[in-house]
Amino acid sequence: MEREAYGPPRNEQELAAIADITAQAFAMPLADSETVVRKNFSESSLRILRLNGEVAATLTLIRMGQFLGGRSVPLIGVGGVGVAPAHRGAGAATRLFHRFLREMRDEGAPLSVLYPATQPLYRRVGYEVAGARYEIHVDAASLELGERSLSLRPMRPSDDAAVEACYRRFASQHHGWLDRGDYIWRRVRTPRNDTAYGYVVEGTSGVEGYVYLVRSLAPQGAVPKQVLKLTDLTATTPAAARRLLRFLGDHRSLAQDVMWFGGADEPLLTLLREQTYQVKLLMHWMTRLLDVPRALEARGFAPGLSGALHLDVEDDLFPENQGRFVLEVEGGTARVRPGGEGHLQLHVRALAPLYTGFLTPRALQLAGMLSADETSLDTASALFAGPAPSLRDMF
Numbered sequence: 092m093e094r095e096a097y098g099p100p101r102n103e104q105e106l107a108a109i110a111d112i113t114a115q116a117f118a119m120p121l122a123d124s125e126t127v128v129r130k131n132f133s134e135s136s137l138r139i140l141r142l143n144g145e146v147a148a149t150l151t152l153i154r155m156g157q158f159l160g161g162r163s164v165p166l167i168g169v170g171g172v173g174v175a176p177a178h179r180g181a182g183a184a185t186r187l188f189h190r191f192l193r194e195m196r197d198e199g200a201p202l203s204v205l206y207p208a209t210q211p212l213y214r215r216v217g218y219e220v221a222g223a224r225y226e227i228h229v230d231a232a233s234l235e236l237g238e239r240s241l242s243l244r245p246m247r248p249s250d251d252a253a254v255e256a257c258y259r260r261f262a263s264q265h266h267g268w269l270d271r272g273d274y275i276w277r278r279v280r281t282p283r284n285d286t287a288y289g290y291v292v293e294g295t296s297g298v299e300g301y302v303y304l305v306r307s308l309a310p311q312g313a314v315p316k317q318v319l320k321l322t323d324l325t326a327t328t329p330a331a332a333r334r335l336l337r338f339l340g341d342h343r344s345l346a347q348d349v350m351w352f353g354g355a356d357e358p359l360l361t362l363l364r365e366q367t368y369q370v371k372l373l374m375h376w377m378t379r380l381l382d383v384p385r386a387l388e389a390r391g392f393a394p395g396l397s398g399a400l401h402l403d404v405e406d407d408l409f410p411e412n413q414g415r416f417v418l419e420v421e422g423g424t425a426r427v428r429p430g431g432e433g434h435l436q437l438h439v440r441a442l443a444p445l446y447t448g449f450l451t452p453r454a455l456q457l458a459g460m461l462s463a464d465e466t467s468l469d470t471a472s473a474l475f476a477g478p479a480p481s482l483r484d485m486f
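Going by this note's numbering, the sequence shown wraps up at 486, each residue one higher than the last.
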């Protein structure tokens, strides 16, 4: 009989096995994989599935938050999922996720998010597409804005706290953005194999905006131009937004393409004179509700809305999520109690895009993922209406 065990790595041998799996799963040099495993992640954030004493599959958990409806919902991000080649195709990843998701739910986490390399695996364990990440390209020559009233200077280590507070003010107003932890900030400030240069914009209230940028050369052309890849771009006032765009435009003799990530509703693009930009879908991310009542109560709702929705939820993995719940919303806050009439029936998978507002109830009904009467459809449409959920950060 096959012996199965789950948990964090126990020794150097298992850490080396994780690095080897990661290198093969992501086609990375082994030295880079070892750096990712040993430097970027603490042992407490790694989980493995052992089969007969061997490391068969691995993942990395990332504790952070996600702003939904203006409130930060505790979130477990998942990255670095890999299966040893000899164990592929035998269900090791599914078994790893069964154990991992149960651990995270028992720990109290209401929500999990990941970027899928393959969707069928994650759908089997209750994840569903629930938001998007967009890549934004702007012609540097179009950023010749006249704003220079605010001070802009290179970032110093002493600015870190003010920069993080600036980001949090900005992100809390963007549906789906991360309430970052240390791991995400490391990716912003020290991207692998690159150097990020930081600059802050200061006004009367202190840091009102900032940018981190990485420079690389575009391959085409007799005289190669730079590409400015922004690992972060944040402005909390109109003057700061214009100053940052002017700063980027000042690179027009060196750079042609300025690129960053965000949502389809990027507000900075409205400051440009012409549509000298491209916004393209890069990837969809997936969400799993680990604790249905807790997740619904944790997110925010529009303050002017009130209503009650009678849910009937199916969950193959967690019996605690199975059954009927009544969602009652008043003054921007939700309360969930067991029971009710179950007028809106759906699997926990379908609840994810409804919960984030990625798909409307009627879109889910059309896809065969939801069943409800007209009154429930109208109520759910009103409660979960809002901007499309997006993410800037990859993990």
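Positions of the beta carbon are idealized from the N, C-alpha and C atoms, including for glycine.
Answer with buried or exposed for residue i, where buried requires no fewer than 16 other C-beta atoms within 10 angstroms of its C-beta.
| i | result |
| --- | --- |
| R271 | buried |
| R260 | exposed |
| N412 | buried |
| L359 | buried |
| T286 | exposed |
| R483 | buried |
| A177 | exposed |
| E299 | buried |
| A386 | buried |
| D407 | exposed |
| R390 | buried |
| G459 | exposed |
| A200 | buried |
| R145 | Going by the sequence as given, residue 145 is Glu instead of Arg. Looking at its Cβ environment, which holds fewer than 16 other Cβ atoms inside 10 Å, E145 is exposed. |
| E103 | exposed |
DSSP state of residue i, grouped into three classes?
| i | result |
| --- | --- |
| Y218 | coil |
| H375 | strand |
| E95 | strand |
| K320 | strand |
| Y446 | helix |
| Q456 | helix |
| T228 | The amino acid occupying residue 228 in the given sequence is His; Thr does not appear at that position. In this structure, H228 counts as strand in the three-state DSSP scheme. |
| G171 | strand |
| Y368 | strand |
| S307 | strand |
| G477 | coil |
| S462 | strand |
| M60 | Residue 60 is absent from the structure shown; the chain starts at 92 and stops at 486. |
| T361 | helix |
| S344 | coil |
| T327 | coil |
| A183 | helix |
| A200 | coil |
| P165 | strand |
How close, in whole Å, do the beta carbons of residue i and residue j come, if the pair is a contact with beta carbons under 8 Å?
| i | j | result |
| --- | --- | --- |
| Y225 | A355 | 6 Å |
| K316 | L345 | 7 Å |
| G289 | A253 | With a Cβ gap of about 12 Å, G289 and A253 do not count as contacting. |
| S203 | L381 | 6 Å |
| R369 | H228 | Looking at the sequence provided, one finds Gln at residue 369 rather than Arg. 5 Å between Cβ atoms; contact. |
| Y213 | M377 | 5 Å |
| G171 | T113 | 6 Å |
| P425 | F392 | The displayed chain sequence assigns Ala, not Pro, to residue 425. Right, their Cβ atoms sit about 6 Å apart. |
| A454 | L396 | The Cβ separation is near 20 Å, so there is no contact. |
| A183 | A231 | So it is not a contact: roughly 47 Å between Cβ atoms. |
| E219 | R440 | 4 Å |
| P100 | L106 | 5 Å |
| I153 | V128 | The Cβ separation is near 14 Å, so there is no contact. |
| V510 | A116 | The first residue shown for the chain is 92 and the last is 486, placing residue 510 beyond what the model contains. |
| L461 | L435 | 7 Å |
| V291 | R215 | Contact flag wrong, Cβ pair sits at about 45 Å. |
In its own chain, which residues sit with a C-beta less than 8 Å from the C-beta of residue i, not counting the 5 before and 5 after it?
| i | result |
| --- | --- |
| S481 | G222, A223, R224, Y225, H265, H266, G267, W268, G353, G354, A355, D356 |
| S163 | G156, Q157, S263, D270 |
| T470 | G398, A399, L400 |
| E95 | L140, R141, L142, R186 |
| G422 | P394, S397 |
| Q347 | D230, A231, A232, A309, K316, Q317, V318 |
Identify, in the order they occur along the chain, each residue of the same chain with its Cβ nearer than 6 Å to the Cβ of residue i, setting aside the five sequence neighbours on each side.
| i | result |
| --- | --- |
| L324 | V302, W351 |
| F332 | Per the sequence shown, the amino acid found at residue 332 is Ala instead of Phe. Here the set comprises A326, L359. |
| L236 | R333, L336, R337 |
| H438 | E405 |
| A160 | According to the sequence provided, residue 160 is Gly. The question's Ala does not apply to it. Closer than 6 Å at the Cβ level, and outside the excluded window around G160, lie R390, G391, F392. |
| Y274 | I153 |
Closer than 7 Å by C-beta to residue i: which residues in its own chain qualify, once you throw out the five before and the five after it? Chain order, please.
| i | result |
| --- | --- |
| F191 | R138, L150 |
| P478 | H266, D356 |
| P282 | V305, T322 |
| K371 | Y225, E226 |
| D464 | H434 |
| V420 | F392, L396, S397, G398, L474 |
Query - Those runs of the alpha helix (DSSP H) which lie wholly inside the region 230–269 and span at least 4 residues - result: Taken in chain order, the unbroken stretches of alpha helix (DSSP H) that lie wholly in the region 230–269 and span 4 residues or more are 251–262.
Query raised in the report: Quick one: complete beta strand (DSSP E) runs, 3+ long, within the region 97–146?
Result: Within the region 97–146, the complete beta strand (DSSP E) runs of at least 3 residues are 137–142.
Query raised in the report: At what residue ranges does the region 378–443 contain a whole run of the alpha helix (DSSP H), taking only runs of 4 or more?
Result: The qualifying runs are 383–389.
Query - Every unbroken alpha helix (DSSP H) within the region 277–306, with a cutoff of 4 residues, ordered by chain - result: Within the region 277–306, no run of alpha helix (DSSP H) reaches 4 residues while sitting entirely inside it.
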